[in-house]
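S.K.: Shown below is the structure under consideration.
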């Protein structure tokens, strides 16, 4: 399968097309044919080497892409709430040669949910990480009921 990865750290020119084996969904997983992937600060940091310590000892290419949207094309055993052909969004624990900048990504079913109704897949790929970031911030603030937050 095609992927866009980093073999040597650098600017945008460090991203290059690579070939990797097509992953297969195992128990509790789904394979998503990626149609869109967002660009997050962590993806830029992977590319420019800011996260090099996280990847120490691993062989490149390193594949960026934490937020994806696409269509499920393979469902592993023990998955009941997702189905073939379903449009979904997912969060990728992109470490090493697993990342959303690829034709396919295999994810735990718990990391995938239905794409928002009425959104294109490109739009859908860009909402999960900001939503999780906002939720995490609110959880950390532990505000009392009725509090106001200015964003």
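In the numbering used here, the protein residues as written are 127 to 277.
The beta carbon of each residue, even a glycine, is placed where N, CA and C say it ideally should be.
From the DSSP secondary-structure annotation, give me the bridge partner or partners of residue 234.
M.R.: Note: residue 234 sits in a beta bridge opposite 155.
S.K.: Can you tell me where the beta strand (DSSP E) with residue 265 in it begins and where it stops?
M.R.: Segment 254 to 267 is the alpha helix (DSSP H) holding residue 265; no beta strand (DSSP E) there.
S.K.: May I have the straight-line CA-CA distance separating residue 230 from residue 148, to the nearest angstrom?
M.R.: The straight-line gap from Cα to Cα measures roughly 7 Å.
S.K.: With 16 other CB atoms within 10 Å as the buried threshold, where does residue 128 fall?
M.R.: Residue 128 should be labelled exposed.
S.K.: Which residue or residues does DSSP assign as beta-bridge partners of residue 228?
M.R.: 129.
S.K.: To which residues of the same chain is residue 163 closer than 7 Å at the C-beta, ignoring the five residues directly before and after it?
M.R.: Closer than 7 Å at the Cβ level, and outside the excluded window around residue 163, lie 191, 193, 194, 226, 227 and 251.
S.K.: Within its chain, find whatever has a CB closer than 7 Å to the CB of residue 175; leave out the 5 residues flanking it on each side and keep chain order.
M.R.: Same-chain partners within the cutoff: 135.
S.K.: Per DSSP, residue 144 is paired with what?
M.R.: Bridge partners of residue 144: 129.
S.K.: Mind checking whether residue 205 and residue 235 have CB atoms under 8 Å apart?
M.R.: Yes, these two residues count as a Cβ contact at 8 Å.
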